[in-house]
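Asker: These protein sequences, in sequence, are chains Z and L.
Position one of the first sequence corresponds to residue 546 (this note's numbering), numbered consecutively onward.
Position one of the second sequence corresponds to residue 546 (this note's numbering), numbered consecutively onward.
Take this structure, written in C-alpha cells, and hold onto it; I'll ask about it next.
There are 2 protein chains.
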Amino acid sequence: MNKRIENVLKRSEADELLVSDPIAIYYLINRRFYPGERFLGLLIKKDIRPKLFLNVLFPSEPIEGVDIVSLSDTDVLTDVLSQYIDKDSCLGVDKTLQARFLLLMQEEKIARRFINGSLAIDKTRAIKDEEEKQLMRKSSQINDQAMAILKTLIKDDITEKQIADQLLGIYNSLGGEGFSFEPSVAFGKNAADPHHMPDDTKLKYGDVVLFDVGCTYKGYCSDMTRTFFYKKGPDKLQEEVYNLVRKANEDAENFIKKGVRLCDIDKTARDVIENGGYGKYFTHRLGHFIGIEDHEYGDVSSAFKDLTETDNIFSIEPGIYDPETMGCRIEDLVIVTDDGCEVLNKYPHDIEIIG
Amino acid sequence: MNKRIENVLKRSEADELLVSDPIAIYYLINRRFYPGERFLGLLIKKDIRPKLFLNVLFPSEPIEGVDIVSLSDTDVLTDVLSQYIDKDSCLGVDKTLQARFLLLMQEEKIARRFINGSLAIDKTRAIKDEEEKQLMRKSSQINDQAMAILKTLIKDDITEKQIADQLLGIYNSLGGEGFSFEPSVAFGKNAADPHHMPDDTKLKYGDVVLFDVGCTYKGYCSDMTRTFFYKKGPDKLQEEVYNLVRKANEDAENFIKKGVRLCDIDKTARDVIENGGYGKYFTHRLGHFIGIEDHEYGDVSSAFKDLTETDNIFSIEPGIYDPETMGCRIEDLVIVTDDGCEVLNKYPHDIEIIG
Numbered sequence: 546m547n548k549r550i551e552n553v554l555k556r557s558e559a560d561e562l563l564v565s566d567p568i569a570i571y572y573l574i575n576r577r578f579y580p581g582e583r584f585l586g587l588l589i590k591k592d593i594r595p596k597l598f599l600n601v602l603f604p605s606e607p608i609e610g611v612d613i614v615s616l617s618d619t620d621v622l623t624d625v626l627s628q629y630i631d632k633d634s635c636l637g638v639d640k641t642l643q644a645r646f647l648l649l650m651q652e653e654k655i656a657r658r659f660i661n662g663s664l665a666i667d668k669t670r671a672i673k674d675e676e677e678k679q680l681m682r683k684s685s686q687i688n689d690q691a692m693a694i695l696k697t698l699i700k701d702d703i704t705e706k707q708i709a710d711q712l713l714g715i716y717n718s719l720g721g722e723g724f725s726f727e728p729s730v731a732f733g734k735n736a737a738d739p740h741h742m743p744d745d746t747k748l749k750y751g752d753v754v755l756f757d758v759g760c761t762y763k764g765y766c767s768d769m770t771r772t773f774f775y776k777k778g779p780d781k782l783q784e785e786v787y788n789l790v791r792k793a794n795e796d797a798e799n800f801i802k803k804g805v806r807l808c809d810i811d812k813t814a815r816d817v818i819e820n821g822g823y824g825k826y827f828t829h830r831l832g833h834f835i836g837i838e839d840h841e842y843g844d845v846s847s848a849f850k851d852l853t854e855t856d857n858i859f860s861i862e863p864g865i866y867d868p869e870t871m872g873c874r875i876e877d878l879v880i881v882t883d884d885g886c887e888v889l890n891k892y893p894h895d896i897e898i899i900g
Numbered sequence: 546m547n548k549r550i551e552n553v554l555k556r557s558e559a560d561e562l563l564v565s566d567p568i569a570i571y572y573l574i575n576r577r578f579y580p581g582e583r584f585l586g587l588l589i590k591k592d593i594r595p596k597l598f599l600n601v602l603f604p605s606e607p608i609e610g611v612d613i614v615s616l617s618d619t620d621v622l623t624d625v626l627s628q629y630i631d632k633d634s635c636l637g638v639d640k641t642l643q644a645r646f647l648l649l650m651q652e653e654k655i656a657r658r659f660i661n662g663s664l665a666i667d668k669t670r671a672i673k674d675e676e677e678k679q680l681m682r683k684s685s686q687i688n689d690q691a692m693a694i695l696k697t698l699i700k701d702d703i704t705e706k707q708i709a710d711q712l713l714g715i716y717n718s719l720g721g722e723g724f725s726f727e728p729s730v731a732f733g734k735n736a737a738d739p740h741h742m743p744d745d746t747k748l749k750y751g752d753v754v755l756f757d758v759g760c761t762y763k764g765y766c767s768d769m770t771r772t773f774f775y776k777k778g779p780d781k782l783q784e785e786v787y788n789l790v791r792k793a794n795e796d797a798e799n800f801i802k803k804g805v806r807l808c809d810i811d812k813t814a815r816d817v818i819e820n821g822g823y824g825k826y827f828t829h830r831l832g833h834f835i836g837i838e839d840h841e842y843g844d845v846s847s848a849f850k851d852l853t854e855t856d857n858i859f860s861i862e863p864g865i866y867d868p869e870t871m872g873c874r875i876e877d878l879v880i881v882t883d884d885g886c887e888v889l890n891k892y893p894h895d896i897e898i899i900g
C-alpha cells in the first residue's frame, strides 16, 4: 500500500473509506479521472488492496497496487459495492459524495453507519511530501517569472482583459500547464475590490496595478499577488497603506513556524493593519491552504485554531481595500518548517513603479 | 408562487423540497449564484413563500416572491434550516447535495425522512415553456450562422485548434455569450473518434471535416454537428456512410411526436445504420435533453423508456465512426410537438464540399 493511503488510514476514524472526489483519488493513486455524472470510487481499508470502482466508459491502464472493479451503466451500484464493503462497518464517505449515491447506499444498508470521512484525507493532503514540495517550489518559480514579464506588458490605455489574455501564453512558455484560478488584473479603483475580475477598464497614468495570478505545474498550484504603481509613485497615504500591507505580510511570515496556531498567524497580520487604522478595510482571511487545488482544506483565519505542522503550504495575503486611497494586496506562498517558513515567492515586496 | 415552482411541487413526492443545485435554483427563481463550498438552498413547499438560504458573502438584491434567509460562516446550518423545515416531513433533497451537508441534516434529524427529490425538478425542466423555446430557437439560429462562417475559415494546413480558437469570437459577434460545451473540430481520421478534442492536426486535401459546436444565448444552449468534405467529394463508401447517417437522422426526426417512447426514437435511427451494415460503428446514444445545460435529465437511448411530451427539447445525433472509411455525425436539436417536431437547426444535411 502506498504511503499516502497509509497516512490517510492512520488518521481515519472510519473502518473503511470510500473516496469519490476525483482530485482526492488523483492524490492517492496518481490517476486523474473525469467521471462526469457516473460514479467513481476508491475503497481503502487496512491490509486490503485498494479497489477502484470505475465505469467501463473510462478505460484505464492497470494501476500498480490497485484492483480495478468495472462498473457499467446497467449495473446496480449498491450490489457491486456491497461485495466489497463490510455491511457491519462504519463507512467514511467523501464530503462531496452526491446525495443520489449516498441515499441509495443508506437505503440498501451497505454499511452499518455512514460518516463524513474526508478529514483524514484533507489533513493528510495538508502535509506535503518531498515530491509535492518540489513541484510547489517550481510552480511558484514560474509564477515569479510570469510576474516579471506581466508588468512589462502594460502601457497607456491597455485594458485589464488584454493583459489577462496574454498570461496563459506566458505560463505555457515558462513550462506551466494552465491557470490555477482565473487571474485577477485590476487597475486604479478596481484594485479596491478584492474579487475584481478583468474587464475593459483602461490603464491610466498614476493607476495602481494589482496582479493576483497563479499557474499549475505538473498539477500543483501557485498563487501570488503584487501591487504596482503605474508611471507615478504613491502619494503619502498610498505609501502608508502599501507599507502596512507589506509589514502585515512580513510580520506574519516571520511569525510562522511549526506548532503555532493558524488563527494567531492571521492575528499577527491583522494587528498590524488594525493598529495602522485600516482594520475595517482588511475584509478577508489572511490565507488558505493550497496544493493540487488552489483552495484546499485549511484556513489562515481567526476561526481556524489548528496548529501548523511542518510541510503545510498556505498563502499569506493581507490586503487593504480603501476605495478613497487604494486597494493593495501582497501575497506569497509559504512552506512551514520546524523553526520558520520557506517563502516560495522570491518576487520582491518593495514599492515598484512600472511602465 | 411562480409557475415553475408550482409545476415542480405538483410532481414532487416529498412534502418539501430543498433545492441546492445552483442551476436548478436559477431555473426556479431566475438568479444565478456561485456558492463555491458554501451551502446554498431554496426551500419550496405548498402554500408557503419559498425561502432562499444564502451566505452573506453573496449579497443579493431582493427577489420577488422569495424570502432570503441569511447564513454566515459562524451559523450552525442545521439550526437555521430546522426553523423552516418541518421535522416530521419527508424532505426531498437535490441529487447533487453533498454528503457533508446531508449527513449533518440526518444526524440532527431536521426531517423524518430524506429522499432524492430531483426527479420532480428534472421532469419539469424537460418541458420547456414559451420563453425557453424562444431562447432555444435563437440559440440554435446563432449556431446555424456560426456553422456557415466556420466552414469558410478552413484552408490547407490550418490546425483544428486554430479553427476552434476563432469560434468564441464568432459567437460573440452573433450575439451569443459563450460555448455551451468545448467545441469539437476534427479533421480526417480524427472524425472517427466521437470524443476528439481539437489538437494540432493540420487540414489536408480530401479530409473529412467534422464540427460539433454550440453556444449559449441568454443562458440557453445550442448543439449541432455537421460533417463536410474538404475540396474533394466523398468516395463511394464515404457517400454510403454519409447517406446512412443522414437517413438515420431524418427518419428519427420524422418519427418524433408527442407520446412515443424515447427508446423507439433511438431504435428508428439505429435500425437504419444497422441495416446498412455499420451498426457496430454507432457507439453512443442517439441524443440527450438540453436547455440551460448542454446535458440535462433525459436520454434518447435504448435504456430510456419514457414517453416524449410536447415541448421536450433534445438532440438527434446519429454517427458512424469507421476508422477505415470515415467518421460522420449529423446532429440537430428538436422540439417535440403534438404531431411531430420542430427542427431547430436549419443548416442543411446535404453532402457539401468546402474549401
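By construction, the Cβ of each residue, glycine as well, lies at the ideal position given by its N, Cα and C atoms.
If the cut is a Cβ gap below 7 Å, which residues of chain Z does N661/L touch?
Answerer: Correct list: A644, R645 and L648.
Asker: Is the beta carbon of D752/L less than 8 Å from the beta carbon of G733/L?
Answerer: Against a cut-off of 8 Å, the Cβ pair of G733/L and D752/L comes out as a contact.
Asker: Run the CB neighbour count on D877/L, radius 10 Å, all protein chains shown included, and call it buried at 16 or more, exposed below.
Answerer: Under this definition D877/L is a buried residue.
Asker: Assign V564/Z to one of three DSSP states: helix, strand, or coil.
Answerer: Of the three classes helix, strand and coil, the one that applies to V564/Z here is strand, per DSSP.
Asker: On the DSSP letters alone, give me the boundaries of the beta strand (DSSP E) that S718/L sits inside.
Answerer: Looking at the DSSP string, S718/L is not in any beta strand (DSSP E); the run it does join, the alpha helix (DSSP H), is E705 to L719.
Asker: Please name the residue, chosen from Y572/L, M871/L, G821/L and E798/L, that lies closest to K673/L on a Cα-to-Cα basis.
Answerer: Out of Y572/L, M871/L, G821/L and E798/L, Y572/L has the C-alpha closest to the C-alpha of K673/L.
Asker: 8 Å is my cut-off, CB to CB: does D639/L come that close to chain Z?
Answerer: Output row for D639/L: interface = yes.
Asker: When the Cα atoms are used, what is the spatial distance from E727/L to K706/L?
Answerer: Between E727/L and K706/L, the C-alpha separation is close to 11 Å.
Asker: Below 8 Å between beta carbons: does that hold for I532/Z and P595/Z?
Answerer: Nothing about residue 532/Z can be reported from this structure: the residues present for chain Z run from 546 to 900 only.
Asker: Do the segment 677-688 of chain Z and the segment 679-687 of chain L meet, that is, are 3 or more Cβ pairs less than 8 Å apart?
Answerer: Contact between the segment 677-688 of chain Z and the segment 679-687 of chain L is absent, because fewer than three Cβ pairs lie under 8 Å.
Asker: Quick check: the segment 784-801 of chain L against the segment 812-821 of chain L, are there 3 or more CB pairs under 8 Å?
Answerer: Yes: the two stretches touch, three or more of their Cβ pairs being nearer than 8 Å.
Asker: As a quick exercise: from S767/L, F834/L, I818/L and T855/L, pick the residue whose alpha carbon is nearest that of V805/L.
Answerer: For the residues S767/L, F834/L, I818/L and T855/L, the minimum Cα distance to V805/L belongs to T855/L.
Asker: Between which two residues does the beta strand (DSSP E) holding S860/Z run?
Answerer: Note, S860/Z: beta strand (DSSP E), I858 to I861.
Asker: Quick one, which of K555/Z, T623/Z and L649/Z has its alpha-carbon nearest F598/Z's?
Answerer: It is T623/Z.
Asker: For K792/L, collect the residues of the same chain with a Cβ closer than 7 Å to its Cβ; drop the 5 residues on either side in sequence, then sort them by chain order.
Answerer: Hits under 7 Å: V817.
Asker: Under a three-way DSSP split, which group does N547/Z fall into?
Answerer: Correct three-state label for N547/Z: coil.
Asker: Compare the Cα-Cα distances from K555/Z to each of V564/Z, S617/Z, A644/Z and T669/Z and report the closest residue.
Answerer: That would be T669/Z, whose Cα lies nearest to the Cα of K555/Z.
Asker: Just curious, the beta strand (DSSP E) that N661/Z is in, first and last residue?
Answerer: Start and end: R658 to N661.
Asker: Under 8 Å Cβ to Cβ from K548/L, same chain only, skipping five residues before and after it: list those, please.
Answerer: Once the five neighbours on either side are set aside, the close Cβ partners of K548/L are D674.
Asker: Taking the alpha carbon of M769/Z as the reference point, which residue from T870/Z, G821/Z and D839/Z has its own alpha carbon closest?
Answerer: Among T870/Z, G821/Z and D839/Z, the Cα nearest to that of M769/Z belongs to D839/Z.
Asker: Looking at the structure shown, is M650/L part of a helix, part of a strand, or coil, going by DSSP?
Answerer: Correct three-state label for M650/L: helix.
Asker: Just to confirm my understanding: we take K825/L, look at its own chain, exclude 5 residues before and 5 after, and list those with CB closer than 8 Å. What are they?
Answerer: Same-chain partners within the cutoff: there are none.
Asker: Which residue spans inside the segment 576-628 of chain Z form an unbroken alpha helix (DSSP H) run of at least 4?
Answerer: Runs found: 622-627.
Asker: Let me know the secondary structure DSSP gives T761/Z once reduced to three states.
Answerer: DSSP places T761/Z in strand when its eight states are reduced to three.
Asker: Let me confirm a value: G637/L is counted as buried when at least 16 other C-beta atoms fall within 10 Å, else exposed. Which label applies?
Answerer: Buried, since its Cβ has 16 or more Cβ neighbours within 10 Å.
Asker: In three-state terms, what does DSSP make of S725/L?
Answerer: Note: S725/L maps to coil in three-state DSSP.
Asker: Taking the straight line between their C-alpha atoms, what separation do you get for I898/Z and M742/Z?
Answerer: Going by the C-alpha atoms only, they are around 23 Å apart.
Asker: Is DSSP giving A691/Z helix, strand or coil here?
Answerer: Looking at A691/Z - three-state DSSP - the assignment turns out to be helix.
Asker: From the DSSP secondary-structure annotation, give me the bridge partner or partners of V553/L.
Answerer: According to DSSP, which records beta bridges pairwise, V553/L is partnered with nothing at all.
Asker: According to DSSP, is I830/Z helix, strand or coil?
Answerer: For the sequence presented, residue 830/Z should be read as Arg rather than Ile. The answer is coil: DSSP assigns R830/Z none of H, G, I, E or B.
Asker: What residues match up with L636/L in a beta bridge as DSSP calls it?
Answerer: In the DSSP output, where bridge partners are listed per residue, L636/L has E561/L and F659/L.
Asker: Starting from E795/Z, follow the alpha helix (DSSP H) in both directions and report where the run begins and ends.
Answerer: Here the alpha helix (DSSP H) through E795/Z covers K781 to F800.
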